[in-house]
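Note that our numbering has the sequence shown beginning at 41, numbered continuously upward.
What follows is a short report on a single structure.
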Amino acid sequence: MDERRTGVLAGLSAYLLWGLFPLYFPLLEPAAGLEIVAHRIVWSLLFVGLLLTVRRGWSQVRAAVADRRTRLVLSAASLLIVVNWTVYVYAVNAGHVVESSLGYFVQPLFSVLLGVVVFGERLRRLQWVAVGLAAVAVVVLTVDYGHPPWIALALAGSFGLYGLMKKLVRVDAVPGLFVETAVAFLPALAVIAVLQARGSAAFAHEGAGNALLMAFAGVATAVPLLLFAAAARRIPLSTVGLLQYVNPLIQLAIGVFVFSEPMPPARVVGFAVVWLALVVFSADSLRQARSTRRAAADTVPAAA
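Below you can see the structure in the form of structure tokens.
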């Protein structure tokens, strides 16, 4: 019970921190999105490197880099997570927090479709219903926005594909994140150098407070990931799946109540259809998890 409680608290803390990101990135202004992402990469690498030193985990990094397949998959994961970070920071700073929350509502259903396409998984009837409802929601929101919700789709797609890459290799969270950020480190340094040379960089030109907040982005990136890894080891996947909706719910609340982003009736309907899809999906997942546990219990032989 203590392990389960610890896992739930760790998972809840991770998603709470991710949900509060829309309040953090505006503090970095006047830094543009590209500069924020570049510093996020650089400081994440340094912070994770420090963690690896403290935890003596460099052997895992060497093992990951030595394996060609793992190296290629983590390089692809690096590209995807950089795309995700860039789109997300742009969305927050451009006043599209509500649409970014939609991306993380839709992402679990996108991951289900990836399982069908990539791994040949077969969906249950209610899972297909959930996916169909999500497709209807996208159509409704396309009509409302006047164009497809590209930010939401880009966030859902990039993070879903990132999760797929992580599923293809068996590397722990900290060494995996180090390799991913190391792949993007030199391009990130180049971006920072170009911005500094042009005189358009905010870092070191907007006071010590701005510089410290920019550097802290590395900690803000790594800590939720570590909490999530701790949760995943201690609680069932179905519980993790339910906790993940805390993140977009907080983002939606921040977008509407803090940044006063519009929620016209058609948009409310679109979100309501997404939530209905997630209720159907979660209910089916919980039912399947209970069935699996009962079946496992029935197959355990009685003690002599």
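Yeah, the Cβ is synthetic: ideal placement off N, Cα and C, and Gly gets one too.
When only Cα atoms are considered, Ser325 and Leu166 end up about 9 Å apart. Taking a 10 Å sphere around the C-beta of Glu139, we find 16 or more other C-beta atoms and assign the residue as buried. For Pro215, the uninterrupted alpha helix (DSSP H) run begins and ends at 213-238, by DSSP. Ile121 and Val127 have their C-alpha atoms spaced approximately 10 Å apart. Assignment of Gly186 by DSSP, reduced to helix, strand and coil, places it in the coil class. Between the alpha carbons of Gly51 and Phe268 lies a gap of roughly 5 Å. By alpha-carbon distance to His136, the top candidate from Phe218, Pro62, Val234, Gly247 is Pro62.
Counting along the chain, the unbroken alpha helix (DSSP H) around Leu149 starts and ends at 137-159.
The continuous stretches of alpha helix (DSSP H) do not include Pro276, and DSSP gives it neither H nor E.
Nearest in C-alpha terms to Ala251, of all of Phe65, Gly59, Val320, Arg44, is Phe65. If you look at Ser118, you'll find it in the alpha helix (DSSP H) that goes 108-133.
Your pair Val319 and Val169 does not check out as a contact, with CB atoms roughly 11 Å apart and the cut at 8 Å.
Exposed is the label assigned to Ser99, since fewer than 16 other Cβ atoms lie within 10 Å of its Cβ.
Here the region 302-321 makes contact with the region 168-187; the two share three or more CB pairs at distances below 8 Å. Excluding five sequence positions before and after Ile294, the CB atoms of its chain that fall closer than 7 Å to its own CB belong to Pro62, Leu63, Val137, given in chain order. A distance below 8 Å between beta-carbons, with the five flanking residues on each side excluded, links Val105 to the following residues of its chain, in chain order: Arg111, Val219. Judged by their CB atoms, Met205 and Ala117 are nearer to each other than the 8 Å cut-off.
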